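Worksheet: the structure to be examined is printed underneath.
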Amino acid sequence: MSAILLNSSRERGVTLVPNCFIDEYMPVASGSYVKVYLYLLRCMNSSTDVGITISSIADHLDETEKDIIRALCYWEKVSLITLERNEQQEIVSITVNEPDYKTPDSRESHEAVPSEAARDAKLADEKKYPLETPQASYEEIATSKTAEPPRHHLFEKPTYSEAQIKQLTENDEVKWLLNIIEIYLERLIKPSDMQLILYLYESLGFSAELIMYLYEYCISKNKKNPSYIEAVALSWAEEGIDTVEKAEASTALYNSNYNAINKAFGLNRAPGQIEKQYIEKWLNKFAFSIEIIIEACNRTILLTQKPDFKYTDKILENWHKKGVKELSQISKLDKEHATDAAKASTAVNNYNKAPQQPRPSSQNRFNAFPQRSYTDADYSSMEQKLLQKKMN
1 MSAILLNSSR ERGVTLVPNC FIDEYMPVAS GSYVKVYLYL LRCMNSSTDV
51 GITISSIADH LDETEKDIIR ALCYWEKVSL ITLERNEQQE IVSITVNEPD
101 YKTPDSRESH EAVPSEAARD AKLADEKKYP LETPQASYEE IATSKTAEPP
151 RHHLFEKPTY SEAQIKQLTE NDEVKWLLNI IEIYLERLIK PSDMQLILYL
201 YESLGFSAEL IMYLYEYCIS KNKKNPSYIE AVALSWAEEG IDTVEKAEAS
251 TALYNSNYNA INKAFGLNRA PGQIEKQYIE KWLNKFAFSI EIIIEACNRT
301 ILLTQKPDFK YTDKILENWH KKGVKELSQI SKLDKEHATD AAKASTAVNN
351 YNKAPQQPRP SSQNRFNAFP QRSYTDADYS SMEQKLLQKK MN
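Per the UniProt record's numbering, the sequence shown runs over residues 1 to 392.
Right under this line is the structure:
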């Protein structure tokens, strides 16, 4: 994804947050949306020109890229920013607009439906950008299927009132679940945590055991952010993962695939963002088995002496174009390639061995004509003819 141009007419080096934003916009926006807006202000007021991407913002804020896009579209909807997109609908420019105070009437209206506006923006963005970003999160890569449209827009996320929270938390199973999650998080449950847990339990229909495994899995990756946990949960819901056993099988397959690729490349680290894109492409778009991918990785190491994901991608893309589905087909392609190479070598050798027409040694233009040999009799005859001409 290309870098995004961020425009500003303000003095750089100082991050100014308008009071209007704090008074009017911040109280009714999602916390993750506020983070994105503040980070834009920070980048916009940098002392040097800043080139940002959706990926770089997501990495800096520890959010998924879909969350970043939803936040940008939300702020565009409330006119705090203006987005420009190219023909591929990728964001190429962000202009931060000056916020303005609401009138008392509009302020009451704005505060009356804060969660509805946020949910509408989120649902609209999910429909507009279902899986459009090539830089999907690690869990989206592991569980997405390109052949099926995303379904997480079906799982509308409500905002639970205090009365609803009180009623739901009186359930013994929910009480037990909250206590366990507090232990996992090593802190007290925050309001955002409570909203997410009840959403998972009520709307997505996750069992208490599955929610506990979800938190255990995400925390094992040092990810405690509610937005990240929600993204993983939605990807599981899209895949129909509704039991701990299914979740364990999915995460085990995911981990085993990435571990196998890392081992083939000799890497002792998690793949980077671009490397994840390649792996997602090989597993989902090309639908290659891990054995075929490992074979391409091994050939890359032999030929380049380094873990070159781009080179491996070229190998796999060539195999995909030739319809490779199994390892045995690769061996067949190798034999065909060897046969073609041998035929080409034989043709070159035969050409080199063929007798060549002798060329004239001299470089003048007359050597292009056939030369004649003269005998003594010829010279004598020509001499007689010349004498006869003189006598006449």
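Note that the Cβ used here is the ideal one computed from N, Cα and C, for glycine as well. Given the structure is predicted, the values throughout are model-derived calculations rather than measurements.
Next on the checklist: If I follow the unbroken beta strand (DSSP E) through residue 95, where does it start and stop?
Outcome noted: 91 to 96
Next on the checklist: Per the DSSP calculation, residue 455 is bridged to which residue(s)?
Outcome noted: The structure shown does not extend to residue 455, since the chain is modelled only from 1 through 392, so no value can be given for it.
Item to check | Segments assigned beta strand (DSSP E), at least 3 residues, entirely inside the segment 44 to 74 | outcome: none
Checklist entry - Name the DSSP bridge partner or partners of residue 4? => result 52
Next on the checklist: Comparing C-alpha positions only, which one of 380, 296, 323 and 225 sits nearest to residue 314?
Outcome noted: 296
Next on the checklist: Tell me whether the segment 208 to 224 and the segment 259 to 268 touch, counting them as touching only if at least three CB pairs, one residue from each stretch, are closer than 8 Å.
Outcome noted: no
Checklist entry - Under a Cβ-count criterion, where at least 16 other Cβ atoms within 10 Å of its own Cβ denotes burial, should residue 382 be classed as buried or exposed? => result exposed
Next on the checklist: Could you tell me the alpha carbon to alpha carbon distance between residue 56 and residue 282, rounded to whole angstroms?
Outcome noted: 23 Å
Checklist entry - Taking one C-beta from the segment 174 to 183 and one from the segment 201 to 219 each time, how about it: are there three or more such pairs within less than 8 Å? => result yes
Checklist entry - Do the segment 334 to 343 and the segment 295 to 309 make contact, defined as three or more Cβ pairs closer than 8 Å? => result no
Next on the checklist: Under 8 Å, with one C-beta from each stretch per pair, do the segment 283 to 295 and the segment 319 to 335 reach the 3-pair mark?
Outcome noted: yes
Next on the checklist: Once DSSP output is grouped into helix, strand and coil, what is the label at residue 267?
Outcome noted: coil
Checklist entry - Rounded to a whole number of angstroms, what is the C-alpha to C-alpha distance between residue 286 and residue 311? => result 16 Å
Next on the checklist: Just to confirm, is the Cβ distance from residue 84 to residue 96 under 8 Å?
Outcome noted: no
Next on the checklist: By the DSSP assignment, the alpha helix (DSSP H) with residue 222 in it spans what residues?
Outcome noted: Note, residue 222: premise wrong, no alpha helix (DSSP H); not H, not E.
Next on the checklist: If distances are taken between C-alpha atoms only, which option among 80, 100, 88 and 87 comes closest to residue 94?
Outcome noted: 80
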